[in-house]
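S.K.: Going down the list, the protein sequences come from chains V and B.
Following the working numbering, the numbering of the first sequence begins with 1 at its first residue and continues without gaps.
Following the working numbering, the numbering of the second sequence begins with 1001 at its first residue and continues without gaps.
Note that CB positions come from ideal geometry on N, CA and C, so glycine has one too.
These numbers were taken from a predicted model, which means no experiment stands behind them.
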Amino acid sequence: DTEVTQTPKHLVMGMTNKKSLKCEQHMGHRAMYWYKQKAKKPPELMFVYSYEKLSINESVPSRFSPECPNSSLLNLHLHALQPEDSALYLCASSQRHRETGELFFGEGSRLTVL
Amino acid sequence: DAKTTQPTSMDCAEGRAANLPCNHSTISGNEYVYWYRQIHSQGPQYIIHGLKNNETNEMASLIITEDRKSSTLILPHATLRDTAVYYCIVNNYGQNFVFGPGTRLSVLP
Chain V
1 DTEVTQTPKH
11 LVMGMTNKKS
21 LKCEQHMGHR
31 AMYWYKQKAK
41 KPPELMFVYS
51 YEKLSINESV
61 PSRFSPECPN
71 SSLLNLHLHA
81 LQPEDSALYL
91 CASSQRHRET
101 GELFFGEGSR
111 LTVL
Chain B
1001 DAKTTQPTSM
1011 DCAEGRAANL
1021 PCNHSTISGN
1031 EYVYWYRQIH
1041 SQGPQYIIHG
1051 LKNNETNEMA
1061 SLIITEDRKS
1071 STLILPHATL
1081 RDTAVYYCIV
1091 NNYGQNFVFG
1101 PGTRLSVLP
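(1) Going by the DSSP bridge assignment, what does Glu-67 of chain V pair with across the sheet?
(2) Mind pulling the chain B residues with CB within less than 7 Å of Gly-108 of chain V?
(3) Report the residues of the region 1041-1070 of chain B with a CB closer than 8 Å to any CB of chain V, ordered along the chain.
(4) Could one say the Cβ of Ser-3 of chain V lies closer than 8 Å to chain B's Cβ atoms, at least one of them?
(5) State the Cα-Cα distance for the pair His-1040 of chain B and Glu-44 of chain V, rounded to the nearest angstrom.
(6) DSSP has Tyr-1036 of chain B in a bridge; who is on the other side?
(7) When you compare the CB of Pro-42 of chain V with every CB in chain B, is at least one pair closer than 8 Å?
(8) Quick check on Glu-102 of chain V - is its C-beta less than 8 Å from some C-beta in chain B?
(9) At least one CB of chain B closer than 8 Å to the CB of Leu-90 of chain V: is that the case?
(10) For Leu-90 of chain V, which residues in the same chain have their Cβ closer than 7 Å to its Cβ, ignoring the five residues on either side in sequence?
(11) For the region 17-50 of chain V, which segments carrying the alpha helix (DSSP H) assignment without a break, of at least 4 residues, lie completely within its bounds, in sequence order?
(12) Can you pull the chain B neighbours of Phe-47 of chain V, defined as C-beta to C-beta under 7 Å?
(13) Measuring CA to CA, which of V:Lys-18, V:Asn-70, V:Lys-22, V:Glu-3 is closest to Lys-9 of chain V?
(14) Check the Cβ-Cβ distances between Tyr-1086 of chain B and every residue of chain V, and say whether any is below 8 Å.
(15) Could you name the residues of chain B that Phe-105 of chain V contacts, counting a contact when the two beta carbons are closer than 9 Å?
(16) Assuming Ser-93 of chain V contacts Met-27 of chain V (C-beta within less than 8 Å), just tell me the rounded distance between them.
(17) Just to check my reading of the structure: Cys-1012 of chain B and Leu-1105 of chain B have Cβ atoms closer than 8 Å, yes? What is that Cβ distance to the nearest angstrom?
(18) I need the straight-line Cα distance from Val-1085 of chain B to Gly-1015 of chain B, nearest angstrom please.
(19) With respect to 7 Å, is the separation between the Cβ of His-26 of chain V and the closest non-hydrogen atom of the ligand COA below this value?
(20) Would you kindly work out how many angstroms separate the C-alpha atoms of Val-12 of chain V and Asp-1067 of chain B, rounded to a whole number?
(21) Rounded to a whole number of angstroms, what is the C-alpha to C-alpha distance between Thr-1072 of chain B and Arg-98 of chain V?
(22) From Glu-1058 of chain B to Gly-14 of chain V, what does the alpha carbon distance come to, in whole angstroms?
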C-alpha cells in the first residue's frame, strides 16, 4: 500500500465552525506533513510531525491545530477560519523526516471557508 | 527559498521528448535534486531524484551537469496525461522540501 488517504475531499465551512481534516498512511512512515496550496501557487509547508511529535510549525496561526494520534494518522483541526484560509490542504508522508527520499502526497482536501 | 529557477511554462508536442530545465547554481555537495509533478487538482507526485549521476526510471530521465549547477528532466515520449506543473527541488539532510513556482508543461495534440 503506497497511498496517503485524505478525507474529506471537499469541505465547506463557516467562520464559526469547527471541523477536522484527516490523513492516513500505512507505509510505516514516521514523518508526516501538512502543506497548504492556494490556487496557482506551489505548496507551502505548514507542519511536520516526526515520530508522532511536532517537529516543525512554520508560524501557522493557532486556528489551525495539528494532531498526530499515532504513526499512521494525522489530523488538522480547524476553528474560526477566515475566507483567505480557503485552499487545498495536502498531507504527505516520508520514511523519516530530514532524510533523503521521496514524499508521498495525498490527493488533498479542498477547503472553502464562507 | 526554493533555490531553483525554472521556466514558467513550456509546450511539447505529443509523442515528442519533453526536456524541462532547472538551474540550481547554489547547490551544495550533499544536496539532491528532486523532481515532482502536480496534475491539476491532484497531490504532487514524485518523479525522480539524483545526486550527481544521471538517473532513469520508468517515468523519466534526470540529467545533471558535471558542475551540478543545472539539471534537465526528460520525459521521452510525452503524452497528454503528462500535462502538469513540474517542480524541481534541491534538498538535503536537515532541510524540508520547499516548492518553487515550477514549470507548467502543456502537451499538445
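M.R.: Result, derived from the coordinates:
(1) As a position in the first sequence, residue 67 of chain V is number 67, starting the count at 1. Paired residue(s): V:Asn-75.
(2) For the purposes of this step, residue 108 of chain V is taken as the residue at position 108 of the first sequence. By Cβ distance, chain B contributes Gly-1043.
(3) Ser-1041, Gln-1042, Gly-1043, Pro-1044, Gln-1045, Tyr-1046, His-1049
(4) Locating residue 3 of chain V in the first sequence gives position 3, counting from the first residue. Note on residue identity: the sequence assigns Glu, not Ser, to residue 3 of chain V. Not closer than 8 Å to any Cβ of chain B, the Cβ of Glu-3 of chain V fails to qualify, so no.
(5) Within the second sequence, the letter at position 40 stands for residue 1040 of chain B. Within the first sequence, the letter at position 44 stands for residue 44 of chain V. Rounded to whole angstroms, His-1040 of chain B to Glu-44 of chain V spans 17 Å at the Cα level.
(6) For this step, residue 1036 of chain B is matched to residue 36 along the second sequence. Answer is B:Tyr-1046, B:Tyr-1087, bridged to Tyr-1036 of chain B.
(7) On the first sequence, position 42 is the one that residue 42 of chain V refers to. At least one chain B Cβ lies under 8 Å of Pro-42 of chain V.
(8) Sequence index remark: in the first sequence, residue 102 of chain V carries index 102 (1-based). Taking Cβ atoms only, chain B reaches closer than 8 Å to Glu-102 of chain V, which makes this a yes.
(9) Numbered from its first residue, the first sequence carries residue 90 of chain V at position 90. For Leu-90 of chain V, the answer is yes, since a Cβ of chain B falls inside 8 Å of its Cβ.
(10) By 1-based counting over the first sequence, the position of residue 90 of chain V is 90. If we look at Leu-90 of chain V and ignore the five residues flanking it on each side, its Cβ neighbours are Tyr-35, Gln-37, Pro-43, Phe-105, Gly-106, Gly-108.
(11) none
(12) If you number the first sequence from 1, residue 47 of chain V lands on position 47. Near Phe-47 of chain V there are no residues of chain B at all, since even the closest Cβ is about 11 Å away, more than 7 Å.
(13) The sequence position of residue 9 of chain V within the first sequence is 9, counting from 1. Here the closest residue by C-alpha is V:Lys-22.
(14) If you number the second sequence from 1, residue 1086 of chain B lands on position 86. It does not; no Cβ of chain V falls within 8 Å.
(15) The residue given as residue 105 of chain V occupies position 105 in the first sequence. In chain order: Tyr-1036, Gln-1038, Gln-1042, Gly-1043, Pro-1044, Gln-1045, Tyr-1046.
(16) Here residue 93 of chain V refers to the residue found at position 93 of the first sequence. Here residue 27 of chain V refers to the residue found at position 27 of the first sequence. The pair is a contact, with the Cβ atoms about 7 Å apart (cut-off 8 Å).
(17) To locate residue 1012 of chain B, count along the second sequence from 1; it is residue 12. To locate residue 1105 of chain B, count along the second sequence from 1; it is residue 105. Confirmed, about 6 Å.
(18) Position 85 of the second sequence holds residue 1085 of chain B. Position 15 of the second sequence holds residue 1015 of chain B. Whole-angstrom Cα-Cα distance: 18 Å.
(19) Ligands in the displayed structure: none, and consequently the ligand COA is not present.
(20) Position 12 of the first sequence, counting from 1, holds the residue named residue 12 of chain V. Position 67 of the second sequence, counting from 1, holds the residue named residue 1067 of chain B. Going from the Cα of Val-12 of chain V to the Cα of Asp-1067 of chain B covers about 49 Å.
(21) Reading the second sequence from its first residue, position 72 is the one you call residue 1072 of chain B. Reading the first sequence from its first residue, position 98 is the one you call residue 98 of chain V. Thr-1072 of chain B and Arg-98 of chain V: Cα-Cα distance of roughly 25 Å.
(22) Here residue 1058 of chain B is taken as the residue at index 58 of the second sequence, counted from 1. Here residue 14 of chain V is taken as the residue at index 14 of the first sequence, counted from 1. Taking the straight line joining both Cα atoms gives about 45 Å.
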